[in-house]
Structures are given as structure tokens and as C-alpha cells.
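Residue numbers (this note's numbering): 1 to 463. Even glycine gets a Cβ: it sits at the ideal position worked out from N, Cα and C. Since the structure comes first, as C-alpha cells, the remarks are kept for the end.
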Ligand code: SAH
């Protein structure tokens with residue numbers, strides 16, 4: 001049910017393009033959708049969208065259905081009664097124009113933020129109330145959620161996984177519909193239909209303008225795409241690019257700023273030299289450069305025949321393009337070309353292509369991730385990929401006062417989400433090592449200040 005108190009509230013009928021005076025029905029693939037208005041007054045108007053799904057129809061023709069050893073569960077299930085991907089499909093079909101933001105008679109109202117409320121009487125919340133809140137709160141909704149009991153007659157059976165939820169916000173109707181369209185199946189962690197690459201297009205279209213910067217972006221994408229890795233990778237790559245195109249375009253300039261800042265110590269060259277030395281000392285032949293950026297380390301690795309296989313990974317398509325040019329990838333002789341591979345991926349996502357390497361480098365990368373995402377990166381690198389050696393470099397924030405041109409308490413790079421002291425980096429590294437069966441030792445790069453330490457700190461993890 002969607003309500004508004006924007007006056008005259010009955011304009012909701014023009015926005016949804018459904019007349020408040022009538023009850024209308026629409027055929028769906030597996031049943032019918034009905035739209036009617038329990039309330040249509042100038043001060044408050046509510047439109048209800050009710051699905052009448054045919055549980056037997058849902059099963060017919062589905063793999064494993066009766067005749068193929070179907071189970072009772074296929075006939076007796078929650079699908080007809082809860083808000084799920086069936087409701088998303090109905091929203092797109094029945095409220096299609098409103099979802100696009102079209103309204104024949106109230107076009108300006110369709111573009112106006114108005115007070116709206118969506119009431120969902122039975123919402124499956126896989127991930128519980130906290131996940132529900134993490135999905136909707138960042139989008140500006142007030143959330144009222146009451147957990148439904150399994151059976152009100154038998155309170156001792158405890159709560160169900162269904163919630164009665166009210167979402168209120170002042171926003172455009174099309175935004176509310178897009179949020180519901182994407183997030184209902186995400187909460188349900190299921191979809192009733194096969195998910196292919198056109199699903200990525202739908203997600204990009206409906207997620208435009210809000211999904212790029214959503215803190216739960218990765219979980220939303222994973223669930224929406226039914227946990228299909230290649231689709232998830234494609235979607236995340238595209239979202240990150242769309243997030244802040246102007247920032248992307250600025251990437252080079254920002255890197256130059258950081259370089260200029262650190263130039264007196266030519267820190268970058270020393271950093272790369274040290275990393276190569278560590279890799280050689282460890283006898284690494286197959287090397288991952290995670291967050292390879294524009295490929296400076298890759299270039300050095302490629303020059304050294306000790307490294308047989310070199311893989312550069314970055315989430316930024318633009319950075320990889322620059323790396324490809326820098327490395328002259330298209331013009332390398334075949335023998336050289338075979339040694340190196342670049343691909344786009346988010347390091348917070350498990351990826352089987354990362355397995356089977358001797359060493360991984362994370363050179364000035366961790367500080368670009370939000371702190372809570374580090375745990376995911378840890379799992380991807382230390383738990384899943386598990387190379388024998390991992391080299392992590394990150395700024396030592398204590399040293400920042402030694403950069404004359406850096407204003408007090410600013411980071412060295414505008415994209416840094418944090419910069420750590422030596423104690424902070426050591427604490428994180430030791431915890432990661434302990435959790436994953438690695439040992440860690442610490443080195444410094446650049447000038448050493450007797451009190452502040454080195455400009456760059458390095459953790460070398462081995463197992
Ligand atoms: N290692 C390079 C680049 C460091 S800048 C060098 O030393 O020059 C940090 C890089 O990490 C950027 O290229 C950024 O796109 C990448 N990055 C940030 N977050 C990432 C993530 N979650 N997954 C993959 N790459 C990421």
C-alpha cells in the first residue's frame with residue numbers, strides 16, 4: 001500500500017495512472033494484480049496493490065515439479081502471501097509509467113518529492129531487522145518494523161521471518177517504487193525467475209542515482225543477481241564507474257598531487273623497489289597486484305624475468321585502461337603477453353581467479369576501502385586466495401607532519417578513507433595474521449624519523 005498526504009492527496013491516482021474511483025485488475029504471468037484505493041480523500045490517499053497468485057500455476061512446468069518428484073513445498077509455500085520478486089514484477093507491470101517517472105497529467109508532481117508511505121504487511125527479511133534498516137535507512141526512510149509471530153495462536157512457536165513494515169520518506173514516487181522494486185527481492189534473497197545478463201541492465205536502470213553510493217551496494221547486487229559471480233562482477237564494475245565519474249576523471253590529477261607531495265623523498269619509486277625486493281626474496285614467481293591502479297608495479301614486474309605470471313586487478317575500469325596503455329599490452333610479443341593478465345574486480349568479493357599465486361601485493365590500497373569493508377578484503381585475500389606471501393603497504397599517518405605542503409590533519413590523498421599510525425597498522429595486521437594462520441613482520445619505506453617512523457609502512461605476511 002502506498003499513501004500520501006501531499007494535497008490534494010488524490011493526485012496519487014494521476015501519478016500511478018490508476019483512477020481512485022475504480023478497482024482494476026491486471027493479468028500477471030502467475031495470477032492477477034488488483035489495484036484499489038482503501039482511502040481516497042484530499043488529505044490522505046492510499047493505493048493498494050494486491051497480488052492474487054496461483055500457487056499451482058507457479059509450479060506448473062517448473063523443474064522438479066509434480067511428475068518430476070515434486071514436493072509438497074512447491075504447492076504449500078509463502079509466495080502468494082508475501083512481498084517478493086512477484087511484487088517487483090507487478091510494480092513494473094502495473095505501475096510501469098510511475099516507475100519511469102512519467103505522468104500524463106501531473107508531470108511536475110512526478111518530479112517532486114512528496115510525503116509518501118509504503119506499508120508492506122508481510123515482508124520476508126532474510127538478514128533480519130538490522131539488514132532491513134541498513135537497506136532503507138541510507139535512502140532516507142523512517143522505518144517501522146514489527147516482527148510477525150509464526151502463528152498468533154501459538155506464541156510459544158516464536159517469531160517468523162516475516163515483518164510488517166512501514167517506510168516513510170519525502171521523495172519522488174518513482175524513487176520509492178525503484179527502491180521497492182530492487183530491494184524487495186534483495187530482502188527475500190530470492191527471485192522466482194531465471195537471472196541472466198538482462199538482469200544487470202534492469203539493476204543499472206532502477207538503481208541509477210542511489211545504488212552507486214549505497215553502503216550495502218555489494219550485498220544488494222549479490223542478492224539481486226542471485227549470487228551469480230560473473231553478473232555481480234559486471235554490475236559492481238559498472239556501478240563503481242558510475243559512482244563519481246568526475247572523480248574518476250580526476251584520478252590522474254589526484255595521483256599527481258599525492259606524487260608531488262611525496263616527491264622530495266621519491267617515495268613511490270622506493271616503495272615499488274622494496275616490494276619487488278620482498279617478492280624476489282620470497283621466491284615468488286606468480287604474483288598478484290591487487291588494486292594495481294595504473295600499473296606502475298606491473299611494469300616493473302614485467303621487466304623482471306623471475307616473475308612468470310603477473311596478474312593486475314583493480315575495481316576501476318579507467319585505471320586498468322591506463323595500465324593497458326602504459327604496459328603497451330596490445331603490442332607486446334606473444335611470449336611476454338602471456339605472462340600478464342589484467343582484470344576488473346572488487347577485492348571485497350571472492351574470486352576464484354585470485355587463487356594459485358605465490359604472492360599478492362596491496363600497495364597503497366587498503367586505505368581506499370571503508371574500514372568495515374576491510375574484513376571482506378581480508379577474507380578474499382587471506383582466507384580464499386591464500387598466497388604464501390602478502391605484502392601490504394599503507395601510509396604511516398604519524399609521518400604526515402613531515403610533509404611541509406600537507407595541511408594539518410588531512411590525508412595524503414583525497415580518496416583515503418583512513419590513514420593509520422604504526423600501532424593501528426600493527427594491530428590490524430597481527431589480528432589478520434592470527435586469524436588466518438600467517439606470520440607478519442614490519443618494514444618501513446622512505447626517510448625514517450626517529451620519533452615518527454617511516455613515511456610508508458609495510459607488512460609482510462607469510463605462512
Ligand atoms: N597500487 C597502485 C594504486 C594505488 S591507488 C599504486 O601503488 O600505484 C588504490 C587503487 O585501489 C586504485 O586504483 C583503486 O581503484 C583500487 N581500489 C580501491 N578499492 C578497491 C576495491 N574494493 N577493489 C579493487 N580495487 C580497489
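Item to check | Which residues DSSP lists as bridging residue 39, in chain order | outcome: According to DSSP, residue 39 bridges with 46.
Checklist entry - Run through DSSP, which three-state label would residue 138 get? => result Three-state result, residue 138: helix.
Item to check | Length of the line joining the Cα atoms of residue 101 and residue 32 | outcome: Answer to the nearest angstrom: the Cα atoms are 24 Å apart.
Checklist entry - Are the beta-carbon atoms of residue 231 and residue 239 separated by less than 8 Å? => result The Cβ atoms of residue 231 and residue 239 lie no closer than 8 Å to each other.
Next on the checklist: Taking the straight line between their C-alpha atoms, what separation do you get for residue 272 and residue 84?
Outcome noted: Each residue's Cα considered, the two are about 50 Å apart.
Next on the checklist: So for residue 28, helix, strand or coil by DSSP?
Outcome noted: Strand at residue 28.
Checklist entry - Would you say the region 200 to 210 touches the region 116 to 127, given that touching needs at least three Cβ pairs under 8 Å? => result Contact between the region 200 to 210 and the region 116 to 127 is absent, because fewer than three Cβ pairs lie under 8 Å.
Checklist entry - Can you pull the DSSP bridge partners for residue 159? => result When DSSP reads this structure, residue 159 sits in a beta bridge with 149.
Next on the checklist: Could you compute how far the alpha carbon of residue 146 sits from the alpha carbon of residue 412?
Outcome noted: Taking the straight line joining both Cα atoms gives about 46 Å.
Checklist entry - What whole-angstrom Cβ distance do residue 421 and residue 398 have, given they're in contact under 8 Å? => result About 5 Å separates the two Cβ atoms, so the contact holds.
Next on the checklist: Just checking: is the beta-carbon of residue 435 within a distance shorter than 8 Å of some beta-carbon in chain D?
Outcome noted: Absent from the structure: chain D. Only one protein chain is present.
Checklist entry - Just reading off the alpha helix (DSSP H) that residue 317 is part of, what are its end residues? => result It spans 317 to 326 - the alpha helix (DSSP H) in which residue 317 sits, taken as one unbroken run.
Item to check | Host alpha helix (DSSP H) of residue 376 (start-end) | outcome: In the DSSP assignment, residue 376 falls within the alpha helix (DSSP H) that extends over 374 to 378.
Checklist entry - Of all the options 150, 341 and 141, which has the alpha carbon lying nearest to the alpha carbon of residue 177? => result It is 141.
Checklist entry - What are the residues that DSSP puts in a beta bridge with residue 34? => result DSSP, once it has assigned bridges, lists 25 and 50 as partnering residue 34.
Checklist entry - Rounded to the nearest angstrom, how far is the Cβ of residue 144 from that of residue 349, given a contact under 8 Å? => result No, residue 144 and residue 349 are not in contact; Cβ-Cβ is about 33 Å, not under 8 Å.
Item to check | Residue range of the unbroken alpha helix (DSSP H) whose run includes residue 223 | outcome: Per DSSP, residue 223 belongs to the alpha helix (DSSP H) from 217 to 224.
Checklist entry - For residue 124, which residues does DSSP report across the bridge? => result According to DSSP, which records beta bridges pairwise, residue 124 is partnered with 162.
Next on the checklist: Using a 10 Å radius around the Cβ and a threshold of 16 neighbouring Cβ atoms, would you call residue 56 buried or exposed?
Outcome noted: By the 10 Å Cβ count, residue 56 comes out exposed.
Checklist entry - Roughly how many angstroms lie between the CA atoms of residue 442 and residue 375, to the nearest whole one? => result The alpha-carbon atoms of residue 442 and residue 375 are separated by roughly 20 Å.
Checklist entry - Quick one: what's got a C-beta closer than 6 Å to residue 3's C-beta in the same chain, skipping five residues either side? => result Same-chain partners within the cutoff: 46 and 117.
Checklist entry - residue 281: which of 297, 268, 306 and 298 sits nearest, CA to CA? => result It is 306 whose Cα lies nearest to the Cα of residue 281.
Next on the checklist: At the level of alpha carbons, what is the spacing between residue 285 and residue 308?
Outcome noted: If I take the Cα positions, the gap works out to 5 Å.
Checklist entry - Do you know how far the Cα of residue 294 is from the Cα of residue 9? => result Each residue's alpha carbon lies about 54 Å from the other.
Checklist entry - Which of the three DSSP states, helix, strand or coil, is assigned to residue 304? => result Note: residue 304 maps to coil in three-state DSSP.
Item to check | When 82, 289 and 322 are compared against residue 358, the one with the closest alpha-carbon | outcome: For residue 358, the closest C-alpha among the options 82, 289 and 322 is that of 289.
Checklist entry - Which residues in the same chain have their Cβ closer than 7 Å to the Cβ of residue 464, if we skip the five residues on either side of it in sequence? => result No statement about residue 464 is possible, as the shown extent of the chain runs from 1 to 463 and does not include it.
Checklist entry - Excluding five sequence neighbours on each side, which residues of the same chain lie with their C-beta closer than 8 Å to the C-beta of residue 149? => result By the criterion of a C-beta distance shorter than 8 Å, residue 149 is surrounded in its chain by 155, 157, 158, 159 and 160, once the five residues flanking it on both sides are discounted.
Item to check | Bounding residues of the beta strand (DSSP E) (the contiguous stretch that carries residue 290) | outcome: Segment 286 to 290, the beta strand (DSSP E) holding residue 290.
Item to check | C-beta atoms of residue 371 and residue 435 nearer than 8 Å | outcome: Result no, Cβ atoms of residue 371 and residue 435 do not sit closer than 8 Å.
Item to check | Through-space distance from residue 229 to residue 66, alpha-carbon basis | outcome: At residue 66 the pLDDT is 44, less than 50, meaning the model places this residue with poor confidence; the figure from the coordinates comes in the next sentence. If I take the Cα positions, the gap works out to 31 Å.
Checklist entry - Within 10 angstroms of its Cβ, does residue 405 collect 16 or more other Cβ (buried), or is it exposed? => result Taking all protein chains in view, the Cβ of residue 405 is surrounded by fewer than 16 other Cβ atoms within 10 Å, so the residue is classified as exposed.
Checklist entry - Among residues of its own chain, excluding the 5 on either side of residue 339, which ones have a beta-carbon nearer than 8 Å to its beta-carbon? => result Excluding residues within five positions, the ones whose Cβ falls inside 8 Å are 302, 307, 308, 309 and 310.
Checklist entry - Closest to residue 168 by CA distance: which of 457, 98, 1 and 355 is it? => result Nearest option by C-alpha distance: 1.
Checklist entry - Span of the beta strand (DSSP E) holding residue 344? => result Bounds of the beta strand (DSSP E) holding residue 344 are 340 to 344.
Checklist entry - How is residue 57 classed by DSSP in three states: helix, strand or coil? => result Residue 57 falls in the helix class under three-state DSSP.
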